[in-house]
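Student: What follows is a single structure, and I will ask about it in a moment.
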């Protein structure tokens, strides 16, 4: 079986799909990943065929306008602010995806929700399309609203809110997609992306977000797709710090930009000092900055979460799906400081599961509020719940479950409605 995986976004949008590709390859299938050109070495390093896509959209996030939009918005706001910059980039991206898939000639296309081309390419080639997402929100349910809205519940409107996730791209980019369908891939008749779907996989643990009773057999909550870093070793400085005292509190905000990284870092350092905790700060994409740090704080650019998190006492992060997954698997309490998108959703889930305090708004973060959250993670009941959840997640094999599901769809054995 030949499987084309289409994904777009930052590292967290690519890394899990490499894990899926490896699982498919180990079953004897031919796999190609199409992703922004910036990830060529990362994908190729795992022996997976790589199809480079234009990197301009990813570069946009690193420009001043992109950083300002992400740092000042929540939910759909960031995307709307960047819309005028993204629209001119859409046609080259769609063409690049089509060239990659047409050359590969897949039997199945597996697409990240950000790959708007994936369902249409599957229609043109007459092959199954499987939506594979690290977060829910693309299958209507009454259990919760779409994670892209900052609400814990909309009551009777929960189900209809998911239409925002499925219809939104068509409203924003519909004209360009219709022109591309007709002129580039030779498909003229309009169809909804949901109607083009053969199945949906959600790559998170059902222990973290239970499967809603109103989902059918065409939807699988597989468990997380972890890509472990078995050959990583800490630097001398990091190893010495980890061995020098009690496990530290990890603080990192991934690829999130920051308008005041020095100010945020100073808040974190002071909060750690007030609690008497050791801290490990990962500067990542720039939300944290370089400041003079005391002996109880060590600064790194970053490290593989799967190897680092089991060695810390607790984690404080932005609530990206991948970072949240790694923190929960490690069995450590976690504080989420959500910036935008689905991050508030994961912050609420952490608190609802009792494995971390309520999420903190990074724009309103104070030394007092952060110190209180750090101390709250010393609660023995919270630590016990976090450890138990970590044990349950480590017993799951999300990649194997997803591969089984994709094989079933390709063979026609999976029972769909």
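Residue numbers (my numbering): 10 to 426. No residue lacks a Cβ here, since even glycine has one placed at the ideal position from N, Cα and C.
DSSP beta-bridge partners for residue 139?
Tutor: Reading the chain shown from its first residue, position 130 is the one you call residue 139. Per DSSP, 119, 208.
Student: Can you tell me which of 289, 330, 271 puts its alpha carbon nearest to the alpha carbon of residue 324?
Tutor: Within the chain shown, numbered from 1, the residue matching residue 324 stands at position 315. When only C-alpha atoms are compared, the closest one is 289.
Student: Inspect the CB distances between the region 117 to 135 and the region 12 to 29 and report whether three or more fall short of 8 Å.
Tutor: yes
Student: Name the two residues that bound the continuous beta strand (DSSP E) containing residue 324.
Tutor: As a first step, residue 324 is located in the chain shown; it is residue number 315 there, counting from the start. From DSSP, the beta strand (DSSP E) with residue 324 extends over 323 to 326.
Student: Identify whether residue 230 lies in helix, strand or coil by the three-state DSSP scheme.
Tutor: Against the chain shown, residue 230 aligns to sequence position 221. Strand at residue 230.
Student: Determine the burial state of residue 261: buried for a count of at least 16 other Cβ atoms within 10 Å of its Cβ, exposed for fewer.
Tutor: Numbered from its first residue, the chain shown carries residue 261 at position 252. Under this definition residue 261 is a buried residue.
Student: In three-state DSSP terms, what is residue 242?
Tutor: As a working mapping, residue 242 is identified with position 233 in the chain shown. DSSP places residue 242 in coil when its eight states are reduced to three.
Student: The beta strand (DSSP E) with residue 59 in it runs from where to where?
Tutor: Start at 1 with the first residue of the chain shown, and residue 59 comes out as number 50. Its beta strand (DSSP E) spans residues 58 to 62.
Student: From which residue to which residue does the alpha helix (DSSP H) around residue 186 run?
Tutor: Along the chain shown, read from residue 1 onward, the residue named residue 186 stands at position 177. 172 to 192 is the extent of the alpha helix (DSSP H) around residue 186.
Student: What are the start and end residues of the beta strand (DSSP E) that includes residue 430?
Tutor: Since the first and last residues shown for the chain are 10 and 426, residue 430 lies out of range.
Student: Could you check whether the region 179 to 198 touches the region 211 to 223, counting it as contact only if at least three pairs of C-beta atoms, one from each stretch, sit closer than 8 Å?
Tutor: Touching, no, given that fewer than three Cβ pairs across the two stretches are closer than 8 Å.
Student: What does the alpha-carbon distance come out to for the pair residue 222 and residue 250?
Tutor: Counted from its first residue, the chain shown places residue 222 at position 213. Counted from its first residue, the chain shown places residue 250 at position 241. Looking at the two C-alpha atoms, the distance is approximately 47 Å.
Student: Is the region 329 to 344 close to the region 121 to 130, with three or more CB pairs under 8 Å?
Tutor: Counting C-beta pairs closer than 8 Å gives fewer than three between the region 329 to 344 and the region 121 to 130, which falls short of the contact rule.
Student: My output table needs one value for residue 360: the three-state DSSP class, helix, strand or coil.
Tutor: Locating residue 360 in the chain shown gives position 351, counting from the first residue. It is helical.
Student: With distances taken Cα to Cα, identify the nearest neighbour of residue 389 among 360, 364, 407.
Tutor: As a first step, residue 389 must be located in the chain shown, where it is residue number 380. Among 360, 364, 407, the Cα nearest to that of residue 389 belongs to 364.
Student: Go through its chain and collect everything with a Cβ distance to residue 178's Cβ below 7 Å, but skip five positions before and after it.
Tutor: Taking the first residue of the chain shown as position 1, residue 178 is located at position 169. Excluding sequence neighbours, residue 178 sits near 125.
Student: When the Cα atoms are used, what is the spatial distance from residue 106 to residue 32?
Tutor: As a working mapping, residue 106 is identified with position 97 in the chain shown. As a working mapping, residue 32 is identified with position 23 in the chain shown. Those two C-alpha atoms are separated by around 23 Å.
Student: Are residue 264 and residue 19 closer than 8 Å when you measure CB to CB?
Tutor: For the purposes of this step, residue 264 is identified with residue 255 of the chain shown, where counting begins at 1. For the purposes of this step, residue 19 is identified with residue 10 of the chain shown, where counting begins at 1. Cβ atoms of residue 264 and residue 19: closer than 8 Å.
Student: Mind reading off the beta-carbon distance from residue 415 to residue 139? Whole number of angstroms is fine, and I expect it under 8 Å.
Tutor: One-based indexing of the chain shown puts residue 415 at position 406. One-based indexing of the chain shown puts residue 139 at position 130. At roughly 6 Å, the Cβ-Cβ gap stays under 8 Å, so residue 415 and residue 139 are in contact.
Student: Give the single residue among 29, 47, 273, 162 whose Cα lies nearest to the Cα of residue 57.
Tutor: Within the chain shown, the letter at position 48 stands for residue 57. Checked all of 29, 47, 273, 162; the closest Cα to residue 57 is 29.
Student: Return the first residue and the last residue of the alpha helix (DSSP H) that residue 50 is part of.
Tutor: In the chain shown, the residue the question calls residue 50 occupies position 41. Membership of residue 50 in the alpha helix (DSSP H) is indicated by the continuous run 49 to 53.
Student: Find out if the Cβ-Cβ distance for the pair residue 167, residue 151 is shorter than 8 Å.
Tutor: For the purposes of this step, residue 167 is taken as the residue at position 158 of the chain shown. For the purposes of this step, residue 151 is taken as the residue at position 142 of the chain shown. In this structure, residue 167 lies near residue 151, with their beta-carbon atoms less than 8 Å apart.
Student: Classify residue 425 as helix, strand or coil using the three-state DSSP reduction.
Tutor: Here residue 425 refers to the residue found at position 416 when the chain shown is read from its first residue. With a pLDDT of only 49 at residue 425, under 50, the local geometry of the prediction cannot be trusted, and no value is derived from it.
Student: Cα separation between residue 303 and residue 154?
Tutor: For the purposes of this step, residue 303 is taken as residue 294 along the chain shown, with counting starting at 1. For the purposes of this step, residue 154 is taken as residue 145 along the chain shown, with counting starting at 1. Taking the straight line joining both Cα atoms gives about 43 Å.
Student: Would you check if the distance between the CB atom of residue 173 and the CB atom of residue 156 is smaller than 8 Å?
Tutor: Here residue 173 corresponds to residue number 164 of the chain shown, with the count starting at 1. Here residue 156 corresponds to residue number 147 of the chain shown, with the count starting at 1. In this structure, residue 173 keeps its C-beta atom at 8 Å or more from the C-beta atom of residue 156.
Student: Measuring alpha carbon to alpha carbon, tell me which residue in 208, 228, 320 is nearest residue 252.
Tutor: The residue given as residue 252 occupies position 243 in the chain shown. When each option's Cα is compared against that of residue 252, the closest is 320.
Student: Closest to residue 345 by C-alpha separation, out of 399, 383, 281, would be which residue?
Tutor: Here residue 345 is taken as the residue at index 336 of the chain shown, counted from 1. Closest option to residue 345, Cα to Cα, is 383.
Student: Measure how close the beta-carbons of residue 247 and residue 307 come, nearest whole angstrom, since I'm counting them as under 8 Å.
Tutor: In the chain shown, the residue the question calls residue 247 occupies position 238. In the chain shown, the residue the question calls residue 307 occupies position 298. The Cβ separation is near 7 Å, so the contact holds.
Student: Can residue 452 and residue 42 be called in contact, C-beta distance under 8 Å?
Tutor: Residue 452 is absent from the structure shown; the chain starts at 10 and stops at 426.
Student: If we count the other Cβ atoms within 10 Å of its Cβ and call it buried at 16 or more, is residue 132 buried or exposed?
Tutor: Position 123 of the chain shown holds residue 132. When all chains shown are included, residue 132 counts as buried.
Student: Do you know whose CA, among 379, 207, 293, lies nearest residue 417's CA?
Tutor: In the chain shown, the residue the question calls residue 417 occupies position 408. The shortest CA-to-CA distance from residue 417 to any of 379, 207, 293 is the one to 207.
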